[in-house]
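Residue numbers (my numbering): 13 to 587.
Structural data, given as structure tokens:
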């Protein structure tokens with residue numbers, strides 16, 4: 013795609029500082045937080061300069077949802093993420109970029125635009141449409157939900173508005189109550205090219221077929237529809253057939269239009285697509301054997317996934333296991349293959365799969381395939397402010413906090429790990445919604461034969477009633493005068509009172525223990541949140557669910573579930 017192209021996108025993920033957007037052709041876009049609207053950027057700048065978060069400032073997660081369709085302005089190719097098989101672009105949603113070619117006198121009733129809310133007035137909202145010499149006013153009785161300042165809203169001009177413009181500025185009354193029937197453009201209504209924006213839906217006629225591409229005509233404008241954006245075969249679409257087309261790509265420099273006939277996109281009202289079925293039945297990393305090949309061309313193979321209620325996956329050329337991707341010569345329609353899902357393309361409503369033998373064999377490709385306590389192999393990529401960024405498999409990355417690089421505290425962690433080095437790690441915690449994976453490389457946790465605090469083995473022992481015979485391994489997160497706050501997998505918390513550390517009264521905890529230290533501990537009991545915390549009277553114990561002890565007495569046997577008692581020297585520390 014060329015710079016300044018307009019494209020329809022679907023939000024794939026919402027992060028704190030950016031959005032990830034699915035674009036046409038399988039491309040991905042990144043919308044940085046300052047590329048939403050001028051007003052939102054202004055609120056961010058004021059908050060940064062004053063150090064006080066503005067009352068009107070909301071987070072990206074309050075304005076956008078995964079699966080939501082958005083109108084995108086392609087700024088430039090994003091080369092910061094390396095040379096992956098999926099091309100990436102920097103994208104803006106700012107109405108001043110998306111609508112900058114729109115001429116105010118060409119705006120007509122029922123045309124759907126997207127603008128940003130600038131301010132709240134007594135009787136409504138001022139909306140910035142990004143169109144030169146045009147202001148928009150949204151009355152309060154024309155909204156169902158009060159919009160946030162700086163947020164993007166779809167709107168259409170009032171039918172009753174005379175749409176008269178002066179030589180200086182045009183003022184439009186607009187509404188967010190859109191009519192899907194009236195907003196579907198008719199070829200009889202002469203629409204200028206500058207008003208044909210991504211997401212616009214219109215009535216058109218098939219006028220030509222070029223190989224597998226359909227060409228539709230709308231009011232003297234031609235729209236190409238690629239093979240991936242219509243259902244069935246091209247023979248199903250006769251010359252002269254009437255179709256409803258959704259514009260997905262606009263190239264202002266060449267006046268080219270691309271459209272889609274896919275049912276989930278043919279909706280003139282910007283919406284949040286229903287992606288729940290695909291996410292639940294086709295999670296990333298799932299292997300499907302017996303996938304039926306439905307279509308083969310030079311760019312991709314389309315397969316029907318078994319036992320998914322007809323959901324489909326696309327295997328694109330850069331992700332095939334065939335040498336030189338020689339047009340998938342070994343694959344024919346009707347044959348079956350084994351593939352593994354690596355991603356989702358919400359715009360085309362398909363999963364993205366691979367037949368690459370290496371990716372088929374690796375143990376995991378996504379967070380949902382992992383759980384706390386899993387051992388993984390990772391490659392050191394770079395050092396950040398908070399820890400070491402590592403790469404696992406596919407698009408999966410994780411972070412090893414500096415506290416978790418070793419059992420002892422180091423001044424320079426670069427001496428321990430070098431970029432490109434492969435290391436063994438343990439999954440500490442993961443957040444699938446935020447796409448975060450936290451790992452540990454502490455040898456004391458990786459090499460222990462005891463259950464780790466918060467592990468499945470620990471919970472199984474507790475369930476079986478082995479509380480008095482359970483020994484576990486964890487690490488210190490805080491040392492206080494009253495005791496030790498310890499943690500383990502999935503951010504679990506435990507409390508070791510001073511009396512359970514085995515130290516004499518004159519000994520100082522801070523000189524005998526340190527943050528990050530790995531300890532062997534004996535399970536005492538669950539903490540009663542109403543009574544026990546009152547006894548301890550320490551804010552750290554309030555966070556804890558279990559009371560633990562360093563007064564260990566046991567003898568080894570082969571089973572990790574039953575560990576019996578004998579004298580043992582304290583404290584016990586992994587180095």
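Yeah, the Cβ is synthetic: ideal placement off N, Cα and C, and Gly gets one too.
Where the alpha helix (DSSP H) containing residue 52 begins and where it ends: On the chain shown, residue 52 is found 40 positions in, with the first residue counted as 1. Here the alpha helix (DSSP H) through residue 52 covers 50 to 62.
Going by DSSP in three states, residue 147 sits in which element: helix, strand or coil? By one-based count along the chain shown, residue 147 stands at place 135. It is a strand residue.
List the whole-angstrom C-beta distance separating residue 377 from residue 296, where the pair is believed to meet the contact cut-off of C-beta under 8 angstroms. For the purposes of this step, residue 377 is taken as the residue at position 365 of the chain shown. For the purposes of this step, residue 296 is taken as the residue at position 284 of the chain shown. Contact holds; Cβ gap of about 6 angstroms.
So the candidates are 262, 386, 414; which of them puts its Cα closest to the Cα of residue 398? Translated into positions along the chain shown, residue 398 becomes position 386. Checking every option, the nearest Cα to that of residue 398 belongs to 414.
Proximity of residue 472 and residue 506 at Cβ, strictly below 9 angstroms: Taking the first residue of the chain shown as 1, we reach residue 472 at position 460. Taking the first residue of the chain shown as 1, we reach residue 506 at position 494. Not a contact, by the Cβ cut-off of 9 angstroms.
Inspect the beta-carbon positions of residue 38 and residue 326 and report whether they are closer than 9 angstroms. Indexing the chain shown from 1 puts residue 38 at position 26. Indexing the chain shown from 1 puts residue 326 at position 314. Yes. Within cutoff.
Residue 473, enclosing alpha helix (DSSP H) - first and last residue: Here residue 473 is taken as the residue at index 461 of the chain shown, counted from 1. Run containing residue 473: 468 to 475, per the alpha helix (DSSP H) assignment.
In its own chain, which residues sit with a C-beta less than 7 angstroms from the C-beta of residue 462, not counting the 5 before and 5 after it? By one-based count along the chain shown, residue 462 stands at place 450. Hits under 7 angstroms: 483, 484, 485, 532, 572.
Looking at residue 42: is its Cβ nearer than 9 angstroms to the Cβ of residue 30? Residue numbering aside, residue 42 sits at position 30 when the chain shown is read from its first letter. Residue numbering aside, residue 30 sits at position 18 when the chain shown is read from its first letter. Yes, the Cβ-Cβ distance between residue 42 and residue 30 is below 9 angstroms.
Under 8 angstroms: do the stretch 348 to 364 and the stretch 296 to 312 share three or more Cβ pairs, one atom per stretch? yes
Please classify residue 17 as buried or exposed, where buried requires at least 16 other C-beta atoms within 10 Å of its C-beta. Within the chain shown, the letter at position 5 stands for residue 17. Residue 17 should be labelled buried.
Please report the Cβ distance between residue 167 and residue 143, rounded to the nearest whole angstrom; I am assuming they are in contact, meaning their Cβ atoms lie under 8 angstroms. Mapped onto the chain shown, residue 167 falls at position 155. Mapped onto the chain shown, residue 143 falls at position 131. Not confirmed; about 12 angstroms, so no contact.
Quick check: the stretch 280 to 294 against the stretch 358 to 365, are there 3 or more CB pairs under 8 angstroms? yes
Is the beta carbon of residue 197 less than 9 angstroms from the beta carbon of residue 242? The residue given as residue 197 occupies position 185 in the chain shown. The residue given as residue 242 occupies position 230 in the chain shown. Cβ atoms of residue 197 and residue 242: not closer than 9 angstroms.
For residue 292, the first and last residue of its enclosing alpha helix (DSSP H): Translated into positions along the chain shown, residue 292 becomes position 280. From DSSP, the alpha helix (DSSP H) with residue 292 extends over 288 to 293.
Tell me which residue opens and which closes the beta strand (DSSP E) that residue 350 is part of. Along the chain shown, one-based indexing puts residue 350 at 338. Looking at the DSSP string, the run of the beta strand (DSSP E) that includes residue 350 is 348 to 357.
Considering residue 44, what are the terminal residues of the beta strand (DSSP E) in which it resides? Stepping through the chain shown from its first residue, residue 44 is reached at position 32. Unbroken beta strand (DSSP E) run through residue 44: 40 to 44.
If contacts are defined as beta-carbon pairs under 8 angstroms, then residue 108 and residue 50 qualify, I think. What distance do you get, rounded to the angstrom? In the chain shown, residue 108 corresponds to position 96, counting from 1. In the chain shown, residue 50 corresponds to position 38, counting from 1. Contact holds; Cβ gap of about 6 angstroms.
What separation, rounded to the nearest whole angstrom, lies between the Cα atoms of residue 552 and residue 313? Translated into positions along the chain shown, residue 552 becomes position 540. Translated into positions along the chain shown, residue 313 becomes position 301. With a pLDDT of only 43 at residue 552, under 50, the local geometry of the prediction cannot be trusted, and the value read off the model is given with reservation. If you take the alpha carbons of residue 552 and residue 313, they lie about 56 angstroms apart.
Proximal residues to residue 159 (C-beta, below 6 angstroms), its chain only, five neighbours per side dropped: As a working note, residue 159 is residue 147 in the chain shown. Answer for residue 159: 129, 165, listed in chain order.
Contact set for residue 55: own chain, Cβ-Cβ below 8 angstroms, skip 5 residues either direction: Here residue 55 refers to the residue found at position 43 of the chain shown. For residue 55, where only same-chain residues beyond five positions count, the Cβ hits under 8 angstroms are 66, 68, 69, 161, 162.
Starting from residue 34 and walking both ways along the alpha helix (DSSP H), at which residues does that stretch end? In the chain shown, the residue the question calls residue 34 occupies position 22. No alpha helix (DSSP H) contains residue 34, which is instead part of the beta strand (DSSP E) from 30 to 34.
Mind reading off the beta-carbon distance from residue 185 to residue 170? Whole number of angstroms is fine, and I expect it under 8 angstroms. Numbered from its first residue, the chain shown carries residue 185 at position 173. Numbered from its first residue, the chain shown carries residue 170 at position 158. At roughly 4 angstroms, the Cβ-Cβ gap stays under 8 angstroms, so residue 185 and residue 170 are in contact.
Would you list the residues sitting across from residue 88 in a DSSP beta bridge? To locate residue 88, count along the chain shown from 1; it is residue 76. According to DSSP, residue 88 bridges with 102.
In whole angstroms, give me the CA-to-CA distance for residue 271 and residue 36. In the chain shown, residue 271 corresponds to position 259, counting from 1. In the chain shown, residue 36 corresponds to position 24, counting from 1. Computed Cα separation, rounded: 10 angstroms.
Just to confirm, is the Cβ distance from residue 441 to residue 488 under 9 angstroms? Looking up residue 441 in the chain shown gives position 429. Looking up residue 488 in the chain shown gives position 476. No, they are not a contact pair.
Measuring CA to CA, which of 501, 247, 212 is closest to residue 224? On the chain shown, position 212 is the one that residue 224 refers to. Of the candidates 501, 247, 212, the one whose C-alpha sits nearest the C-alpha of residue 224 is 247.
Answer yes or no: do residue 386 and residue 439 have a C-beta to C-beta separation smaller than 9 angstroms? Here residue 386 is taken as the residue at index 374 of the chain shown, counted from 1. Here residue 439 is taken as the residue at index 427 of the chain shown, counted from 1. Taking 9 angstroms as the Cβ cut-off, residue 386 and residue 439 qualify as a contacting pair.
According to the neighbour-count rule (16 or more other Cβ atoms, all chains shown, within 10 Å of its Cβ), is residue 405 buried or exposed? If you number the chain shown from 1, residue 405 lands on position 393. Buried: at least 16 other Cβ atoms inside 10 Å.
Reference residue 281, options 236, 189, 249, 477, closest by Cα: Translated into positions along the chain shown, residue 281 becomes position 269. Measuring from the Cα of residue 281, the nearest candidate turns out to be 189.
Provide the residue span of the alpha helix (DSSP H) that contains residue 522, from first to last. To locate residue 522, count along the chain shown from 1; it is residue 510. First-last of the alpha helix (DSSP H) with residue 522: 521 to 524.
Just to confirm, is the Cβ distance from residue 512 to residue 559 under 9 angstroms? Position 500 of the chain shown, counting from 1, holds the residue named residue 512. Position 547 of the chain shown, counting from 1, holds the residue named residue 559. Contact flag set, yes.
Proximity of residue 89 and residue 114 at Cβ, strictly below 9 angstroms: Indexing the chain shown from 1 puts residue 89 at position 77. Indexing the chain shown from 1 puts residue 114 at position 102. Their beta carbons are not under 9 angstroms apart, which means residue 89 does not touch residue 114 by this criterion.
Whole-number beta carbon distance between residue 277 and residue 258, since they are thought to touch under 8 angstroms: For this step, residue 258 is matched to residue 246 along the chain shown. For this step, residue 277 is matched to residue 265 along the chain shown. About 4 angstroms separates the two Cβ atoms, so the contact holds.
Would residue 1 be called buried (16 or more neighbouring beta carbons within 10 Å of its own) or exposed? No information on residue 1 is available, as it lies outside the stretch 13 to 587 that the chain covers here.
In angstroms, rounded to a whole number, what distance separates the CA positions of residue 28 and residue 563? As a first step, residue 28 is located in the chain shown; it is residue number 16 there, counting from the start. As a first step, residue 563 is located in the chain shown; it is residue number 551 there, counting from the start. Cα to Cα, residue 28 sits roughly 44 angstroms from residue 563.
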